[in-house]
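Structure first, commentary second.
2 protein chains.
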Amino acid sequence: MLRTHTCGELNISHKGQQVSLSGWVQRSRDLGGMTFVDLRDRYGLTQLVFDMDSNAELCQQARTLGREFVVQCHGVVAERSSKNNKLATGEIEIIVEKIVILNRSEIPPFTIEENTDGGDELRMKYRYLDLRRSNVKANFELRHRMASAVRNYLDQQQFIEVETPVLIKSTPEGARDFVVPSRVHNGQFYALPQSPQTFKQLLMVAGFDRYYQIVKCFRDEDLRADRQPEFTQIDCEMSFIEQEDILAVFEGLVIHLFKEVKNITIPPLHRMSYADAMKYYGNDKPDMRFDMKIVAYKDESCQQFIIPGKFKVVDEAEYVGGIVCKGCAEYTRKQVDELTDWVKRPQIGAGGLIYIRYNTDGSIKSSIDKFYSQEELKTILEHAHAMPGDLLLILTGIENKTRKALSELRLEMGNRLGLRDKNNYSCLWVYDFPLLEWNEESERFHAMHHPFTSPKTEDVSLLKTNPGKVRANAYDLVINGVEIGGGSIRIFDKKLQAQMFEVLGFTEEKAQEQFGFLMNAFQYGAPPHGGIAFGFDRLCSLFGGSESIRDFIAFPKNNAARDIMIDAPSAIDETQLKELGIRTL
Amino acid sequence: MLRTHTCGELNISHKGQQVSLSGWVQRSRDLGGMTFVDLRDRYGLTQLVFDMDSNAELCQQARTLGREFVVQCHGVVAERSSKNNKLATGEIEIIVEKIVILNRSEIPPFTIEENTDGGDELRMKYRYLDLRRSNVKANFELRHRMASAVRNYLDQQQFIEVETPVLIKSTPEGARDFVVPSRVHNGQFYALPQSPQTFKQLLMVAGFDRYYQIVKCFRDEDLRADRQPEFTQIDCEMSFIEQEDILAVFEGLVIHLFKEVKNITIPPLHRMSYADAMKYYGNDKPDMRFDMKIVAYKDESCQQFIIPGKFKVVDEAEYVGGIVCKGCAEYTRKQVDELTDWVKRPQIGAGGLIYIRYNTDGSIKSSIDKFYSQEELKTILEHAHAMPGDLLLILTGIENKTRKALSELRLEMGNRLGLRDKNNYSCLWVYDFPLLEWNEESERFHAMHHPFTSPKTEDVSLLKTNPGKVRANAYDLVINGVEIGGGSIRIFDKKLQAQMFEVLGFTEEKAQEQFGFLMNAFQYGAPPHGGIAFGFDRLCSLFGGSESIRDFIAFPKNNAARDIMIDAPSAIDETQLKELGIRTL
């Protein structure tokens, strides 16, 4: 070894010891007769000292060390005269006796500090330097601890990790597959899995009982900031269970992770039906760190505004709903105007914003004062349980769109009121999702989760009469308004699976071609089974307090699905194309 | 849960308890008034009992259960009158009170028993049934335990697991890449990694210090029985180390695995230079479970046969070597003829076999009696340290080819003499591999390991004068004659790396295009580093006592790289091809 210790482990108890360290020059400072060098490795920083008086030549040598030079040094551990209690090694320094330059470094294109001066493109191009920054490296240590904690928990629960294939068969359902041309079978292609779904179900048919895998999956979508063409899932499946068993086992996993990784004891998870989530939060992944439920004034179940005949906008709207912003009665006109502009942005798309300010003195001021009396406004406020000091914000319009806009407004108010602290976690199960959703473009139903999700027993008969109303045995895990995982109890009956394919518009032939192997498997004693998959990148970024999953992926692709460090994708040789039996257009 | 217990956990201590079990009907037996059903799940078998006298209806129902039906049963644990001590649950049975058929099964195409009647193709097509067999399932439980043990050991050694990308850049060196056409960048392709080699080196440049990953890799080769297009590696890399450190850390891993997984304490690993392995075993991965070294009678260092001028075949051969088969003097003429035929097969390719039988009475009988006297034959025997009772087998010919043939003969004799017990393990480091090997086809040197392997410091100057003689800081782990892992100390100097690419026939331009990102990285303070990768599928099969890695891969491909269960690869839609900007030829 080119060291006896790492740069993170020496302390006062090592005083007087001869040691060797290796690492990178983080910075060096010349103070008259002394030169100080901070030596960095993965484990920490250690201060090296060179003294002009005792060894001028060595000190001169130290002064030639540039940033990011790789050096090995030998010396003695000494107590510092001025200690740095922010640093694990801050009580000591190394009186260096010999130094060896292992490798030199050009001046890096950005500084290797917590707050770097490198822009996104530059940092990605030199990702190997970006990863040297201690806060970035910490993300990967966190990720490693998370993976270990997941495995420990699932191992204890008798899950076994089984690797499923990466070169599989293309399926037209859902997002686009990446494909791999076959050299041996020209004209044919493998696909990269969007998830190991069918394989994990086959493992259940095979009697594996409890399966998991932390596994790379692939989706050829147009990328958004928080999507990557390759991503990692914690993929799980269990046999002989009901929905409640899955929720219990994986609630246990979530609690275990918070305890092991962050030492936070979280309470039992909230639970909410999809219908309630949409009703009260306008969203199937509500952020439960704060309450601020949506109050409906007019909707399907109550088709008349609370005080009708006064104001056309609310009387004629399909839907009217509001949220109470606690303690916001003191919002200035300017602040309310700003909110009005905010909801009118095309991303939100509201026509306008109604506000009713319930002043602490009991007086009321609103944007609809000319339509309603103070008494009537008070009735409107009380319907939403607003109290003096609160601000009621109301949106009107088409039901779905308005609920969505209210959801966005709620989140925005949560931000403005500081109710969405990233160090505060609120976990929620959303269940009873619809089985199907109508797709306007293809004019048919699509599976909301995937085609293997089972309908609720009591809703099966609706499959023929009103498929859109069928609820599924499907559930999502939502943490702080982010969908972290989702799963379902699967169909394990060949006939029901065939019916499902029919509803999804597959011909019998097409279903057989695509999923024949699964339906065949169901003939040979498939057990009741179900599972869940968690987005591991997102889970890590959530635990790491970051909005971006890229910070938790060592070598991510950019928004154009390109790795700008290695410059991939790139052209390949004509001979290779020929061998693969393909030609570029 | 559809059970209170699994089929593997009930014993006499549960006597009298009400339980529910779920599983598959392994077999059922009608014995007059009683019906016995063996219920199977991943964890074991439990006997269910139905009594015609006490519940005729239930007993009739049980008699309708076919093989592989999935059932749930409720009943009471009772002590068996005739116990089965081969079964964990053999002391008890369940007096069934209620049974629910969860799913029916067609008659499976082969029996779900340890020794099945299914052929290879059938078993692969119905892999989900093949995996139900307890011995097959045990392979995956072993694999899971192996992966856990690897992770535990490496975690303790401060390695962190980092996921490297799967969609990378194609490199022309070595075996063929699988490629993935890019939809966003038509005409460009990603490649699937043959190994994460460059990424793990970049992680070292990034200061990750100790990295590992259990990771899928891909190689588009024509398949042999023990190769798969996708395979799993334990991939590792360390910084600030020398070769000896790597050997020590991973020797520790091997010892840990044998102890944890098989409870075998293995001795410190053998070590052997590549030169010695070739000299004494004709092979860079000798099986060290038995000795039987090759004895050279004539080679580069001794260019004359021990007793010259007697027999043209040995006098004129470039190389003469032999092996002593202990206690084989009693081999019959028929046995020796059989061996002669064996070495003459095209796979071995020897011209013939010389034998000298050293009888226990001291007399000597050989196939070359007419050329040599008894005294001379004795001299030949003694050169090889043969003793009365032994059989000396000699091959002659071109050096490389003959060494290889002797290696094969040695292994064959090991088999015949029962010296290669699969429950006996002998582990070996082979080191000082050549850096380069000459490729006749391309008429240039290829990297024996890969282009990032460092030459031994004392041999660097030979790179210009005699590249074929340069030894590398490269090492292989060999267990029982199987190459389980290999690695090297890497080049970390940009200039040396450039020189290496030059020797390998890369133009500067091509090297820059392919590996520019790595050479750029080397400018910014690359630390000394090195690593190793183990073939995880093969390691598992070795621990599981199987010759075939397929038994340890849940869904393997066949020799034509086809998954016959899901029928992949397969054709894809024209629209998808168009989107990808490619056309099939």
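Chains W and A supply the protein sequences, listed in that same order. Okay, so the first sequence: first residue is 1 according to our numbering, each after it adds one. Okay, so the second sequence: first residue is 1001 according to our numbering, each after it adds one. Note that beta-carbon positions come from the ideal geometry of N, C-alpha and C, so glycine has one too.
Could you say which of the options lies nearest to residue i if we only look at CA atoms?
{"i": "A/V1261", "options": "A/S1081, A/L1539, A/E1579 and A/K1557", "result": "A/L1539"}
{"i": "A/V1019", "options": "A/E1093, A/H1144, A/A1526 and A/N1186", "result": "A/E1093"}
{"i": "A/S1195", "options": "A/R1550, A/Y1431, A/R1176 and A/V1320", "result": "A/R1176"}
{"i": "A/I1484", "options": "A/S1022, A/V1430 and A/R1403", "result": "A/V1430"}
{"i": "A/L1477", "options": "A/A1248, A/A1062 and A/E1009", "result": "A/A1248"}
{"i": "W/S454", "options": "W/I264, W/M124 and W/D432", "result": "W/D432"}
{"i": "W/T4", "options": "W/D51, W/V77 and W/N55", "result": "W/V77"}
{"i": "W/E443", "options": "W/G397, W/L504 and W/H385", "result": "W/L504"}
{"i": "W/I572", "options": "A/F1178, A/L1010, A/Q1188 and A/F1036", "result": "A/Q1188"}
{"i": "W/G282", "options": "W/E242, W/L167 and W/E399", "result": "W/E399"}
{"i": "A/I1099", "options": "A/L1462, A/V1025 and A/A1533", "result": "A/V1025"}
{"i": "W/E338", "options": "W/R416, W/R403, W/Y372 and W/D53", "result": "W/R416"}
{"i": "W/Y43", "options": "A/S1170, A/A1206, A/L1257 and A/G1309", "result": "A/A1206"}
{"i": "W/F552", "options": "W/A560, W/G535 and W/A561", "result": "W/G535"}
{"i": "A/D1369", "options": "A/T1360, A/Q1072, A/K1404 and A/Y1355", "result": "A/Y1355"}
I'd like the span of the beta strand (DSSP E) that includes residue i, first residue to last.
{"i": "W/N103", "result": "I92 to N103"}
{"i": "A/Q1018", "result": "Q1018 to L1031"}
{"i": "A/T1396", "result": "L1391 to G1397"}
{"i": "A/H1385", "result": "No beta strand (DSSP E) contains A/H1385, which DSSP labels as neither H nor E."}
{"i": "W/K365", "result": "I364 to S366"}
{"i": "A/E1338", "result": "It is not in any beta strand (DSSP E) - A/E1338 instead sits in the alpha helix (DSSP H) that spans R1333 to K1344."}
Name the chain W residues that come within less than 9 Å of residue i, Cβ to Cβ?
{"i": "A/N1186", "result": "T584 and L585"}
{"i": "A/D1209", "result": "T6, D41, R42 and Y43"}
Starting from residue i, follow the alpha helix (DSSP H) in both directions and report where the run begins and ends.
{"i": "A/V1313", "result": "K1312 to E1316"}
{"i": "A/E1114", "result": "Unbroken run through A/E1114: none, as it is neither H nor E."}
{"i": "W/L247", "result": "Q243 to K262"}
{"i": "A/E1496", "result": "The question names Glu, yet the displayed sequence has Leu at residue 1496 of chain A. K1494 to V1503 is the span of the alpha helix (DSSP H), which, as asked, contains A/L1496."}
{"i": "W/C540", "result": "F536 to F543"}
{"i": "W/D299", "result": "W/D299 -> no alpha helix (DSSP H), and no H or E assigned at all."}
{"i": "W/Y281", "result": "Y274 to Y281"}
{"i": "W/A521", "result": "E508 to A521"}
For residue i, return the contacting residues in chain W, with the cut-off set at a CB-CB distance below 7 Å.
{"i": "A/P1569", "result": "S182, H185, Q188, F189 and Y190"}
{"i": "A/V1162", "result": "F140 and A554"}
{"i": "A/F1232", "result": "Before going further, note that residue 1232 of chain A is Thr rather than Phe in the sequence given. In chain order: E163."}
{"i": "A/P1229", "result": "L167"}
Using a Cβ cut-off of 8 Å, pull out every chain A residue sitting near residue i, in sequence order please.
{"i": "W/D563", "result": "P1165, L1167, I1168 and K1169"}
{"i": "W/A560", "result": "V1184 and H1185"}
{"i": "W/K216", "result": "E1163, V1166 and K1216"}
Counting only Cβ pairs nearer than 9 Å, list the residues of chain A close to residue i.
{"i": "W/R176", "result": "R1183, Q1576 and E1579"}
{"i": "W/F199", "result": "A1554, F1555 and I1566"}
Return the bridge partner residues of residue i from the DSSP annotation.
{"i": "W/Q213", "result": "W/D235"}
{"i": "W/E79", "result": "W/I92"}
{"i": "A/A1568", "result": "A/D1563"}
{"i": "W/M34", "result": "W/L31 and W/D51"}
{"i": "A/T1575", "result": "Per DSSP, none; premise fails for A/T1575."}
{"i": "A/W1438", "result": "A/F1445"}
{"i": "A/G1487", "result": "A/Y1475 and A/I1532"}
Residues of chain A with CB closer than 7 Å to the CB of residue i, please, in chain order.
{"i": "W/D245", "result": "M1001"}
{"i": "W/P108", "result": "Y1524"}
Legend entry - Cβ-based contacts, 7 Å cut-off: residues of the segment 30-46 of chain W near chain A: D41 and R42
Inset, instruction - Note down, in chain order, all residues in the segment 501-515 of chain W with a beta-carbon under 7 Å from any beta-carbon belonging to chain A. - result: none
Inset, instruction - Could you please tell me which residues of the segment 423-457 of chain W, in chain order, have their CB closer than 8 Å to any CB of chain A? - result: none
Inset, instruction - Scan the segment 1001-1028 of chain A for residues whose Cβ lies nearer than 9 Å to a Cβ of chain W and list them as they occur along the chain. - result: For the segment 1001-1028 of chain A, which is checked against every Cβ of chain W, the residues closer than 9 Å are M1001, L1002, R1003, T1006, S1022, G1023, W1024 and V1025.
Legend entry - Within 7 Å of chain A by C-beta, residues of the segment 119-132 of chain W in sequence order: Y128, L129, L131 and R132
Inset, instruction - Residues of the segment 1516-1533 of chain A with a CB closer than 7 Å to any CB of chain W: list them in chain order, please. - result: F1517, A1521, Q1523, Y1524, G1525, A1526, P1527 and P1528
Legend entry - Interface residues of the segment 1084-1104 of chain A facing chain W [CB-CB below 8 Å]: Flagged, chain order: L1102, N1103 and R1104.
Inset, instruction - Can you give me, in chain order, the residues of the segment 1362-1385 of chain A that have a beta carbon less than 9 Å from any beta carbon in chain W? - result: none
Inset, instruction - Compile a chain-ordered list of the residues in the segment 247-274 of chain W whose CB is closer than 7 Å to at least one CB of chain A. - result: none
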